[in-house]
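Chains A and B, in that order, give the protein sequences. Each residue of the first sequence is one higher than the last, beginning at 1 in the numbering used here. Each residue of the second sequence is one higher than the last, beginning at 1001 in the numbering used here. We put the CB at the ideal spot given by N, CA and C, even for glycine. Since the structure is predicted, the reported quantities are computational estimates derived from the model, not experimental observations.
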Amino acid sequence: MADGRRETVKGNNSDVWLVVPLYNEGQVIAEVVSEAIETFSNIVCVDDGSTDASAQLAREAGAYVVRHPINLGQGAALQTGFDFVKMSATAKYVVTFDSDGQHRVEDALAMVGRLRTEPLDVVLGSRFLDGRTRPGLPKRIVLKAAVGFTNITTGVKLTDAHNGLRAISVAALSKFRIRQNRMAHASEFVGFLRKAHLRYAEEPVHIIYTEYSKTKGQSLWNSVNIVVDLWMR
Amino acid sequence: MGSQVVIKVILLVGIGLVGLLILWPGAGARRTALRRIGLLCLTLIAALAVVFPQISNEMASFVGVGRGADLLLYGLVVVFIGYVIATRVHHNRIDNQLTELARAQALASAPNPNQPPN
């Protein structure tokens, strides 16, 4: 029955894969997958060594699940997801999508739409292109500083460097490989835009800061770790 | 201040050498050999400092440092910095290998994306 329904909605997005890094999100992952699968029938959750039932819940909600035997970090999970999607014969686009419910499916859809109609390899979500997303002041300062840092070190001009919502053409996936296993992969990815000569654009997106995502979200201390990770590698 | 120029130069050169040794690209065999030679020299110096403590004192006053113990401490700091960086580099390499291994294992037991899940 579930399969029959999936066939009907598969429609225009059967060439799109959502790559969802998953680490101990048992509270919300079933809902996130169930909602997204209405629009995107192909979802791969890369379970990054979760110690809760995340993987099982994602599978039951209809996602493909690839499991890291140990916890490696979000960057590593994304690259594993990309490698998985490359094995698909029909994939044309991937969307990196957070597992904690802070990304909106309609934003992902709009970003894929731009890849379909415009000569682009990558569409990056940005929280700061319009005024809808309202992070708290400390978070805003750190995010802005991160953007400045990333723009200076990579030479790419962006308004939001650490947004997990991105749409990428599968053809572009072979032009880079994420080596930053942990959070610094976002800055690393921005660097690829220039190094691999990817055509990119930003798309305004709305991030839903729920109480859940706030408590699960990145600690501001992580900005220090990101800078060190980037420098040390 | 002026009398300590010698030791400052020596320590900076030491730090530079440590960095060079670690960051030097190319053959793994040569790097491993250099590291082992360096360790051997270090051991010999340590042994000499134990047997002839006056040597370290003489060396210290020669380069403008108060006591031999201070000179040993400075040397230790340089060696320690080198050790930290070398360990970090080694750790990163192991990390990369572990990642690729874990990824290969994950993909080997992954479902086929060309078939329905489960």
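query: Identity of the residues DSSP links to residue 203 of chain A by a beta bridge; result: A:125
query: Where the beta strand (DSSP E) through residue 1057 of chain B begins and ends; result: Segment 1053-1063 is the alpha helix (DSSP H) holding residue 1057 of chain B; no beta strand (DSSP E) there.
query: Expected contact under 8 Å - CB spacing of residue 85 of chain A and residue 170 of chain A to nearest Å; result: 6 Å
query: Option in A:42, A:72, A:128 with minimal Cα separation from residue 89 of chain A; result: A:42
query: Test: residue 67 of chain A CB closer than 7 Å to a CB of chain C; result: This model lacks chain C altogether, as its protein chains are A and B.
query: Length of the line joining the Cα atoms of residue 93 of chain A and residue 192 of chain A; result: 17 Å
query: Runs of alpha helix (DSSP H) wholly within the segment 40-74 of chain A (minimum 4 residues, chain order); result: 54-60
query: Assigned exposure category for residue 1087 of chain B - 16 Cβ within 10 Å defines buried; result: exposed
query: Endpoints, the beta strand (DSSP E) within which residue 1083 of chain B is located; result: Premise fails: residue 1083 of chain B lies in the alpha helix (DSSP H), 1068-1108, not in any beta strand (DSSP E).
query: Sufficient close CB pairs (3 or more, under 8 Å) joining the segment 1033-1043 of chain B to the segment 1104-1114 of chain B; result: no
query: At least three beta-carbon pairs within less than 8 Å, the segment 73-87 of chain A to the segment 176-191 of chain A; result: yes
query: Secondary structure of residue 221 of chain A, DSSP reduced to three states; result: coil
query: Where residue 102 of chain A falls, given that 16 or more other Cβ within 10 Å makes a residue buried; result: buried
query: Any 3 or more C-beta pairs closer than 8 Å across the segment 1074-1084 of chain B and the segment 48-62 of chain A; result: no
query: Residue-chain proximity (residue 108 of chain A, chain B), Cβ-Cβ < 7 Å; result: no
query: The beta strand (DSSP E) enclosing residue 169 of chain A, as first and last residue numbers; result: 166-169
query: Contact test: residue 1051 of chain B Cβ vs the ligand HEM heavy atom, cutoff 6 Å; result: The ligand HEM is absent from the structure shown, which contains no ligand whatsoever.
query: Residues that residue 17 of chain A bridges to, as DSSP identifies them; result: A:42, A:94
query: Neighbourhood of residue 1018 of chain B by C-beta distance below 6 Å, restricted to the same chain and skipping five residues each side; result: 1082
query: Element boundaries [alpha helix (DSSP H), containing residue 118 of chain A]; result: Premise fails: residue 118 of chain A is in no alpha helix (DSSP H) and is neither H nor E.
query: Chain B residues whose Cβ lies nearer than 8 Å to that of residue 183 of chain A; result: Under the 8 Å cutoff, chain B gives no residues; its nearest Cβ is about 15 Å from residue 183 of chain A.
query: Residue 7 of chain A versus residue 1092 of chain B - alpha carbon distance; result: Only weak support is given to the placement of residue 7 of chain A: the predicted model assigns it a pLDDT of 42, under 50, and the value that follows is read from those uncertain coordinates. Distance between the alpha carbons of residue 7 of chain A and residue 1092 of chain B: 45 Å.
query: Chain-ordered residues of the segment 44-63 of chain A with a beta carbon less than 8 Å from chain B; result: 44, 46, 59, 62, 63
query: Residue 192 of chain A, enclosing alpha helix (DSSP H) - first and last residue; result: 185-195
query: Residue 34 of chain A: first and last residue of the uninterrupted alpha helix (DSSP H) it sits in; result: 29-37
query: C-beta atoms of residue 1063 of chain B and residue 1007 of chain B nearer than 7 Å; result: yes
query: Spatially closest choice to residue 150 of chain A from A:44, A:31, A:87, A:226, by CA coordinates; result: A:226
query: C-beta neighbour in chain A for residue 1043 of chain B, strict 7 Å; result: no
query: Contact check, residue 126 of chain A vs residue 188 of chain A, beta carbons under 7 Å; result: no
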